[in-house]
Each structure stands twice: as structure tokens, then as C-alpha cells.
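Each residue of the sequence shown is one higher than the one before, counting from 566 in our numbering.
Ideal Cβ placement from N, Cα and C applies to all residues, glycine included.
To keep things clear, I will list the structure first and then write my remarks on it.
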Amino acid sequence: MKKTEWLWDLLFPRRCPVCDGVLRFGREDICPECFGKVRFIREPVCMKCGKELTEEEEYCRDCAGKRHAYIQGAAVFEYTSVAASIYRFKYGGRQEYARFFGRCMAAELEGRMRRWQVQALVPVPVHPSRKRKRGYNQAELLAGVISSRTGIPVRKDIIVRQKKTAPQKELNEKQRQNNLKKAFKILKNDVKLDTIVIIDDIYTTGSTIDAMATMLHIAGVGRVYYAALAIGNGL
């Protein structure tokens with residue numbers, strides 16, 4: 566542990582991302598007894614979005630009837646097992662959860678990203694007003710940890726969110742698509758990257774990823790993938 570991290574942990578003890586209890590000084594980023602309470606995504610999964618399947622099929626019901634703008638994606642956790650944790654991470658100021666979540670994403674998905682030949686990680690941007698209110702963008706924190714462990718650079722200078730959209734979880738599929746119209750803006754006319762992966766905390770129907778991927782394709786990015794912290798069957 567670096568000296569600055571040691572001092573920071575001493576002054577502001579980290580909390581377990583599952584039980585939210587204070588972690589023992591200098592120890593891991595999750596209580597050992599809590600690790601078994603989170604559920605990792607396991608095969609079989611949808612060949613497009615990475616959602617768990619109950620039967621040996623190629624695609625989930627959503628992806629079988631819908632064309633996505635991204636090539637493929639994957640998530641690490643089954644949503645319901647980490648839902649309360651993600652809520653605290655996103656809205657409760659628990660930035661330290663990014664250490665555990667990002668480490669898990671890197672460990673589970675680095676091999677896949679290498680096969681995809683990813684050149685950059687692009688976190689889903691939040692509107693500036695929301696970032697000021699929260700103090701951070703959780704997708705950026707995750708991307709930062711993944712980058713530190715994989716060496717794949719983070720690019721936050723390509724795309725921004727210019728429209729303050731309503732929370733996606735409150736909308737149906739059609740409303741989600743309308744909500745995201747003109748939500749993102751490309752900052753560079755010619756993005757000189759062939760392959761990127763979008764980083765997000767939760768994958769629901771893929772509307773956000775599709776909206777971003779469409780804009781990135783227009784800007785010149787040839788291949789767009791996504792990686793999310795969590796995904797669920799009922800989302």
C-alpha cells in the first residue's frame with residue numbers, strides 16, 4: 566500500500582461494499598465473510614449482452630428481437646446481489662467501493678478485453694449538474710481502477726452528456742430511447758480509435774450503450790463493446 570493510501574485509510578476508514586461496515590485497517594477491500602454474498606455472472610449467457618440464460622440458447626429474449634449498436638458486452642455481477650451496494654456507491658458517496666468493484670471487473674473481463682483488442686475505456690458520462698451533486702461519476706471511478714490493473718487507457722475527452730435525462734429505471738423501453746435522443750455529444754470530429762469498450766455500472770436494456778455507440782460510430786470508432794458492473798434477468 567502506498568504511503569498516501571495508508572494515511573487516507575487511517576483518516577477515513579474504508580467500508581465494505583456489501584455490509585457497509587468499516588474494514589479492518591490495511592486489509593482487503595471487502596469483508597471475507599461478505600464476498601460469498603455477491604453472485605458472479607456464470608454461463609450460459611447471452612452471446613450479445615452477456616445476460617445469464619436459464620437455457621442453452623444463443624441470445625436472451627431482448628437481444629433476439631432487437632438490434633444493438635454495440636458488438637458484444639459482458640457484466641460481472643447478477644444485479645440483485647449487489648443492488649443495495651450499487652445504490653450506495655452511486656448515490657451515497659461510497660466512492661471507495663470502486664476499488665473492489667473495479668478490481669473484480671478487471672479480473673473477470675481483462676481476458677475478454679484483450680481478445681477484443683480494446684484500445685480505450687470510455688466511461689458513460691453523467692450530466693455536469695449530476696456530477697457536481699454526487700461529486701464524482703461512478704463509471705469513471707470503475708474505469709480508473711480497471712485501467713490501473715490492465716494498462717488500457719481511459720478516455721473521457723471523446724463524448725459528453727449534454728442533456729439531463731430522466732432516470733432510465735423509471736421508464737419503459739420506448740421511453741428510454743426517447744429519453745436518450747440527443748443526450749450525448751461527441752467532442753472530437755475524428756476519433757482515431759478503432760476499438761473501445763464503454764464502461765457502466767448497470768446494464769438494463771442497452772439503450773444507453775446503444776445511444777453512445779451510435780454517436781461513437783459516427784465519430785469514426787469502428788468497433789464498440791461494453792462492460793458493466795452488474796446485469797439482471799428482470800431489468
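DSSP three-state call for residue i: helix, strand or coil?
i	result
LEU794	strand
THR760	strand
LYS753	coil
TYR768	strand
GLY709	helix
ILE724	strand
VAL587	strand
ALA784	coil
VAL789	strand
ALA748	coil
GLY700	coil
ARG653	helix
TYR644	helix
GLY615	coil
GLY716	coil
GLY630	coil
MET566	Confidence at MET566 is low in this model, with a pLDDT of 48, below 50, so the placement of that residue should be treated as unreliable; the coordinate-derived value is given next. In the structure shown, MET566 sits in coil (DSSP, three-state: anything other than H, G, I, E or B).
ARG607	coil
ARG580	strand
Considering only the alpha carbon of each residue, which of the options lies closest to residue i?
i	options	result
ILE751	ASP766, ALA792, LYS728 and LYS616	LYS728
TYR652	ASP766, ALA639 and LYS616	ASP766
VAL756	VAL786, GLU620, ASN798 and CYS611	VAL786
TYR662	LEU674, GLU675 and ALA648	ALA648
GLY630	GLY771, ILE764, PHE600 and VAL689	GLY771
PRO609	GLU620, VAL603, VAL689 and LYS602	GLU620
VAL689	LEU794, ILE764, CYS611 and SER646	ILE764
ARG714	GLN703, MET678 and LEU745	MET678
LEU745	THR773, ASP759 and LYS721	THR773
GLY601	PRO578, SER646 and ARG579	SER646
ARG680	ILE717, ASN702, GLN703 and PRO578	ILE717
LEU842	ASP722, THR769 and TYR768	Any question about residue 842 goes unanswered here, given that the chain covers just 566 to 800.
THR769	ARG604, GLU622, GLY586 and ARG626	ARG626
CYS821	GLN660, ARG604 and GLU622	Here the chain has residues from 566 to 800 only, and residue 821 is not among them.
THR884	ASN798, GLY615 and LYS747	The question about residue 884 has no answer here: the residues shown for the chain are numbered 566 through 800.
GLN703	LEU794, LYS753 and GLY615	LEU794
My guess is that residue i and residue j are in contact by the Cβ rule of under 8 Å, so how many angstroms apart are they, rounded?
i	j	result
ALA595	VAL641	The identity of residue 595 in the sequence shown is Ile, whereas the question assumes Ala. Actually they are not in contact, since the Cβ atoms of ILE595 and VAL641 sit about 14 Å apart, beyond 8 Å.
ALA792	GLY638	7 Å
GLU617	GLU643	7 Å
VAL683	ILE761	7 Å
Can you list, in chain order, the residues of its chain whose CB lies under 6 Å from that of residue i, leaving out five sequence neighbours each side?
i	result
LEU781	VAL789
GLU673	VAL641
MET566	Its pLDDT being 48, under 50, MET566 is placed unreliably in this model, and the coordinates cannot settle the point.
ASP775	HIS633 and ALA634
GLU705	PRO688
LYS696	ASN702
GLY615	GLY638, ALA639 and ALA640
Who are the Cβ neighbours of residue i in its own chain at under 8 Å, not counting the five residues just before and after it?
i	result
LEU699	The residue asked about is misnamed: residue 699 is Arg in this sequence, not Leu. Cβ within range, chain order: LYS655, TYR656, GLY658 and VAL691.
VAL710	ALA663, ARG664, PHE666, GLY667, ARG668, MET670 and ALA671
LEU588	PRO578, ARG579, ARG580, CYS581, ASP594, ILE595 and CYS596
GLY586	ARG580 and CYS596
Are any of the Cβ atoms in chain B nearer than 8 Å to that of residue i?
i	result
THR779	The displayed structure is made up of one protein chain only, and chain B is not part of it.
In its own chain, which residues sit with a C-beta less than 7 Å from the C-beta of residue i, not counting the 5 before and 5 after it?
i	result
CYS599	CYS581, VAL583 and CYS584
SER694	LYS729
LYS613	TYR624, CYS628, HIS633 and GLN637
SER650	PRO582, VAL583 and TYR662
MET777	VAL689, ILE724, PHE749 and ILE763
ALA708	LEU686, PRO688, VAL719 and ILE764
TYR701	GLN660
ARG604	PHE642, GLU643 and SER646
Checklist entry - Considering only residues of the region 661-689, which uninterrupted alpha helix (DSSP H) runs meet the minimum length of 4 residues and lie entirely inside it, listed in chain order? => result Counting only runs of 4 or more, we get 662-681.
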